[in-house]
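Chemist: Per the numbering used here, residue 125 is the first one in the sequence shown, and the count goes up by one each step. Where a beta carbon is used, it is the ideal one built from N, C-alpha and C, also for glycine.
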Amino acid sequence: MIEERIEIEGIPIIIERKKIKNMYLRVFYPNGITKISAPVHLPKENIINFAEKKISWVIRKREEMLKNPPEPLLRYVSGEIHYLWGKKYTLQWCSEDFSKNVTIDNKNNIIFLPIKTQNTLEKREKTLIEFYRAEIKKVIPELLEECVDIVGREPNEWRVKNMKTRWGTCNVNKKRIWLNLQLAKKPPICLKYVLIHELTHLYEANHGPRFKNYMDNFCPKWREIKKLLNQTNY
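(1) Check for me: the alpha helix (DSSP H) holding phenylalanine 236 runs from which residue to which?
(2) With distance defined between alpha-carbon atoms, name the residue in Trp346, Lys310, Pro311 nearest to glutamate 322.
(3) Rounded to whole angstroms, what is the Cα-Cα separation between serine 365 and leucine 190?
(4) Could you compute how far the alpha carbon of threonine 293 sits from the alpha carbon of asparagine 330?
(5) Does the distance from the C-beta atom of lysine 288 to that of leucine 305 stay below 8 Å?
(6) Check each candidate in Ile137, Val201, Asp273, Glu269 and name the one with the smallest Cα separation from asparagine 243.
(7) Using a Cβ-Cβ cutoff of less than 8 Å, which residues in the same chain neighbour isoleucine 183 once the five nearest sequence positions on both sides are dropped?
(8) DSSP state of isoleucine 320, grouped into three classes?
(9) Could you check which residue in Asn354, Val272, Ile139 has the C-alpha nearest to that of leucine 149?
(10) Which same chain residues, not among the five before or five after tyrosine 317, have their C-beta less than 8 Å away from its C-beta?
(11) Alpha carbons only, please: which of Leu245, Phe335, Asn232 is nearest the one belonging to leucine 197?
(12) Look up valine 151 in the DSSP assignment and say whether it is helix, strand or coil.
(13) Consult DSSP for valine 275 and reduce its assignment to one of helix, strand or coil.
Structure below.
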């Protein structure tokens, strides 16, 4: 892979030449590093023209990233802030004599995390992830029924898993929906938006104008909810 560098309006851009047919531009979180993947033999002038046309979007994207620095890595220790359905809670360790399961004190906004003899980061994380999995599974059936009535399409099945980069996916052929268990941290309207989004794919597989028209009809405020969903402090 051949690498070059250019600068457009003060923004450094890395050009990576690859054996591809088209150009792709990406701005990487959290530092706003900008890269263009371009065909090996494409003239540099073409790449510069492409970058100049996209520079307004690049500047806006970099500003958004720099305003929202990444959250500190979670350690699942007492005093740490966690979220459930958009509400802020303080994590508190407890012994299994107090509770064998994760429990919620809504009055004092505390999540009690039971600690076993082998207290490792991995075990604490797994315990809380399974708690979120159980929480989201409680609310999906009723909310899905509501969203099916709105959209007019019904999946054959739905499943939940911990995903790093997506809030949900839809296998159109199998009519199967996957939902990110991390949605249990977000306000409930976010889960509803993702369900409507994935059900809409049963009409339209891609995210083109037709898909957006459907979303405007099914969920008129979907753009606002999407911004809320992608806030990093939940």
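Modeler: In this structure, then:
(1) As a working note, residue 236 is residue 112 in the sequence shown. First-last for phenylalanine 236: 234-239, but that is the beta strand (DSSP E), not the alpha helix (DSSP H).
(2) In the sequence shown, residue 322 corresponds to position 198, counting from 1. Selected option, being the one with the closest Cα: Trp346.
(3) Only positions 125 to 358 of the chain appear in this structure, which leaves residue 365 out of reach.
(4) Within the sequence shown, residue 293 is the residue found at index 169, counting from 1. Within the sequence shown, residue 330 is the residue found at index 206, counting from 1. Distance between the alpha carbons of threonine 293 and asparagine 330 is about 12 Å.
(5) Sequence index remark: in the sequence shown, residue 288 carries index 164 (1-based). Sequence index remark: in the sequence shown, residue 305 carries index 181 (1-based). Result no, Cβ atoms of lysine 288 and leucine 305 do not sit closer than 8 Å.
(6) The sequence position of residue 243 within the sequence shown is 119, counting from 1. The shortest Cα separation from asparagine 243 among Ile137, Val201, Asp273, Glu269 belongs to Val201.
(7) Counting from 1 along the sequence shown, the entry for residue 183 is found at position 59. Hits under 8 Å: Glu133, Ile135.
(8) Sequence index remark: in the sequence shown, residue 320 carries index 196 (1-based). Isoleucine 320 falls in the helix class under three-state DSSP.
(9) Position 25 of the sequence shown, counted from the first residue, corresponds to residue 149. Comparing Cα-Cα distances from leucine 149 to each of Asn354, Val272, Ile139, the minimum goes to Ile139.
(10) Within the sequence shown, residue 317 is the residue found at index 193, counting from 1. Counting only Cβ-Cβ distances below 8 Å, and skipping sequence neighbours, we find Cys343, Trp346, Ile349, Lys350, Leu353.
(11) Against the sequence shown, residue 197 aligns to sequence position 73. For leucine 197, the nearest C-alpha among the options comes from Leu245.
(12) Against the sequence shown, residue 151 aligns to sequence position 27. The answer is strand: DSSP assigns valine 151 an E or B state.
(13) If you number the sequence shown from 1, residue 275 lands on position 151. It is helical.
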